[in-house]
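See structure below.
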Amino acid sequence: MNATIIVVAAIYFVGMIAIGLWAAARTRTSADYFVAGKGVGMWAIALATMSSAMSGFLFIGGPGIHYQFGFGTLMLTFPAAASFAIAWYLLGKRMRLLAAVRPMMTVPDAIHARYDSNLARGLAAIAILLGVIGYLATQTLAMGVIMARIFDLAVWQGVVLGVAIVAVYATAGGMIAGIYTDVAQGGIMLVAALITFVLALETGGGMGNMIQTIGASDPDWVSPWGTLGPGIVIGWYFVFALGILGQPQVAHKFYMIREPKRMKWGAVVAAAAAMVTSLVWLSVGTVTRYLSETGELILPMADDAAPQFMLQYAPALLAGVFFAGVAAASMSTADSFLNIGAAAIVRDLPLALGREPNAEAQLRWGRIVTVTLAVAAGGVAIGSGQLVAVLGIFGWGTFAAALAPALGLGLNWSRATPAAAIASLAVGVLLQVLLELNAALGWAPDLLPGHVYRAAVSFVLSFIVFIAVSLVTKPRTLAADVEAVMRA
């Protein structure tokens, strides 16, 4: 490994730990730990929502899955611009207004405020825990791949090192650390994405040349569906475009905005940033497949697409910034998910059972659970044998199927009922888990036709159940403050 890359990466990691220590000094209450004291600017939240939803999933998982399956995988990232705008316009305002009238810290808090149901709150917490493990595993595996290439380690050793670093500053600084490291990563990701995009095009002689060369040997790879077929690709597009309405790592951050009047610009900033960073997925995945076809590059595994391209074709300084930036972005995203998962265990589940832990207990146990979740996610990342992006697709799909109807539609439709929220949450969680487990373990014949994205089935059925049950059950009278939020 080039010494420049190691030095840049080391400096970067020290900087991230410094942010964690600074954040720890500002973390005095459970509100600071879980929602950053509700005092973060719009620009910071816009970059943080983009960074936390993309990061290792986009920069490592994206090129890897694109390298393996082709242009159909772009349907995972091209909806990003529209989906972030949808989240800000349909969720942002109402989530922030709820935080103004109620003591909101978590997404299940919003579910409870809207439906006045502890059961709905508990089901939302369970859904979040399941999705968090998948998404955390995505980020820890991405960290492992990067750490392995920077420090010449095995991937499992890289995972252990990455988990240890993120556990330190996540445990100390909570959401304050996560937000401001997300902001730093978001800015660096934008610059690195643009430079890397240009470098990839120059290396491959232009997009047209690369597509023509790859298409000569594998025409399916360059087709709109890639090698996967329309069933999976269309499902990806649908779930990743609308499923953002159920992503707690995005919705949760709306509580923290200091200036609600400026929220309209957040959609623009987040959408534009997502569009720019998505260029890495397209360009690096394509150029590494092109270089593989011409015999210039041999990848030990698909997730090595971005790391190997940067090592062999990028200037050392750019490679160092890219490696460190992606690793740190994965860490800060992991921090956000650790925070969300810890809150589900130490706050949301006890509240759903009618017990309210005091603020000191939430803070103390939140830190303990954070470390436990980090270790568990590292174990899943090492033992799963999956691509980075595949783990992320599972996490996103779980959140979308379980939470998008009750949260995204429920906060915008006054006819929605508590019974509908409970039913859709239960259907979304159970169906998603059962379909995935059956596919992995082969308990019973797979009832879905080949090449169908399972989360899309769970997502659609969850929405159908939510709407149908709402129409046949009587809506509950909303509390005056929640009704005012719904009408705003």
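Numbering (my numbering), first residue to last: 1 to 488. Where a beta carbon is used, it is the ideal one built from N, C-alpha and C, also for glycine.
**Prompt:** Which one or two residues does DSSP pair with I5 in a beta bridge?
**Reply:** Beta-bridge partners of I5 (DSSP): none assigned.
**Asked** In whole angstroms, what separates the C-alpha of L409 from that of Y12?
**Response** Across the structure, L409 and Y12 are spaced so that their CA atoms are roughly 41 Å apart.
**Prompt:** Under the rule that 16 or more other beta-carbon atoms within 10 Å means buried, what is V250, buried or exposed?
**Reply:** It counts as buried.
**Item:** Which of helix, strand or coil DSSP assigns to I345
**Value:** Three-state DSSP puts I345 in a helix.
**Item:** From R121, W88, A113 and L199, residue whose alpha carbon lies closest to that of G285
**Value:** That would be L199, whose Cα lies nearest to the Cα of G285.
**Message:** Between which two residues does the alpha helix (DSSP H) holding T277 run?
**Reply:** Taken as a continuous stretch (DSSP letters only), the alpha helix (DSSP H) holding T277 covers M263 to E293.
**Asked** Is the beta carbon of Q139 sitting closer than 7 Å to the one on S424?
**Response** For Q139 and S424, no; Cβs fall outside 7 Å.
**Message:** Buried or exposed for V485, going by 16 or more other Cβ atoms inside 10 Å?
**Reply:** Under this definition V485 is a buried residue.
**Item:** When L351, L349, A342 and A376 are compared against W365, the one with the closest alpha-carbon
**Value:** Closest by alpha carbon: A342.
**Request:** Take V166 and list the residues in its own chain whose beta-carbon comes closer than 7 Å to its own, dropping the five residues that flank it on each side.
**Result:** Cβ neighbours of V166 beyond the five flanking positions: M331, A334, D335 and A374.
**Message:** Could you tell me which whole beta strand (DSSP E) segments of length 3 or greater appear in the region 97-181?
**Reply:** Fully enclosed beta strand (DSSP E) runs of 3 or longer: not present.
**Prompt:** Three or more C-beta pairs closer than 8 Å, one from the region 103-119 and one from the region 296-311: is that the case here?
**Reply:** The region 103-119 vs the region 296-311: no contact.
**Prompt:** For F197 versus L279, is the C-beta spacing smaller than 7 Å?
**Reply:** Taking 7 Å as the Cβ cut-off, F197 and L279 qualify as a contacting pair.
**7 Å Cβ cutoff met for I244 and A81** = No, Cβ-Cβ distance for I244 and A81 is not below 7 Å.
**Prompt:** Of all the options A426, L338 and G231, which has the alpha carbon lying nearest to the alpha carbon of A164?
**Reply:** A check of alpha carbon separations from A164 across A426, L338 and G231 identifies L338 as the nearest.
**Request:** Closer than 6 Å by C-beta to I211: which residues in its own chain qualify, once you throw out the five before and the five after it? Chain order, please.
**Result:** V222.
**Asked** Using the beta-carbon count (16 or more within 10 Å), is K261 buried or exposed?
**Response** Taking every protein chain shown into account, the CB of K261 has fewer than 16 other CB atoms within 10 angstroms, so this residue is exposed.
**Item:** CB contact flag (G144, G131, <7 Å)
**Value:** Their beta carbons are not under 7 Å apart, which means G144 does not touch G131 by this criterion.
**Message:** Let me make sure I understand the geometry here. Which of H252, G186 and I257 has the alpha-carbon closest to that of A272?
**Reply:** Nearest C-alpha to A272: G186.
**Prompt:** Taking C-alpha atoms, which residue in S55, A48 and M75 lies nearest to A327?
**Reply:** The shortest Cα separation from A327 among S55, A48 and M75 belongs to S55.
**Status (buried if at least 16 other CB within 10 Å, exposed otherwise) for T477** = Label assigned to T477: exposed.
**Status (buried if at least 16 other CB within 10 Å, exposed otherwise) for A468** = Exposed.
**Asked** So A305 packs on Y67, CB below 8 Å; how close in whole Å?
**Response** About 4 Å; that satisfies the 8 Å criterion.
**Request:** Could you have a look at H451 and say whether DSSP puts it in helix, strand or coil?
**Result:** H451 falls in the coil class under three-state DSSP.
**Message:** Restricting to Cα atoms, I'd like to know which of G383, V168, L74 and S470 is closest to I368.
**Reply:** Out of G383, V168, L74 and S470, V168 has the C-alpha closest to the C-alpha of I368.
**Prompt:** According to DSSP, is M301 helix, strand or coil?
**Reply:** DSSP places M301 outside both helix and strand once states are collapsed to three, so it counts as coil.
**Item:** Residues of its chain near P429, where Cβ-Cβ distance is below 8 Å and the 5 sequence neighbours each way are ignored
**Value:** Position check: residue 429 holds Val in this sequence, whereas Pro was assumed. In chain order, L123, I126, A127, L130, T398, A401 and A402 place their CB closer than 8 Å to the CB of V429, counting only its own chain and leaving out the 5 sequence neighbours on each side.
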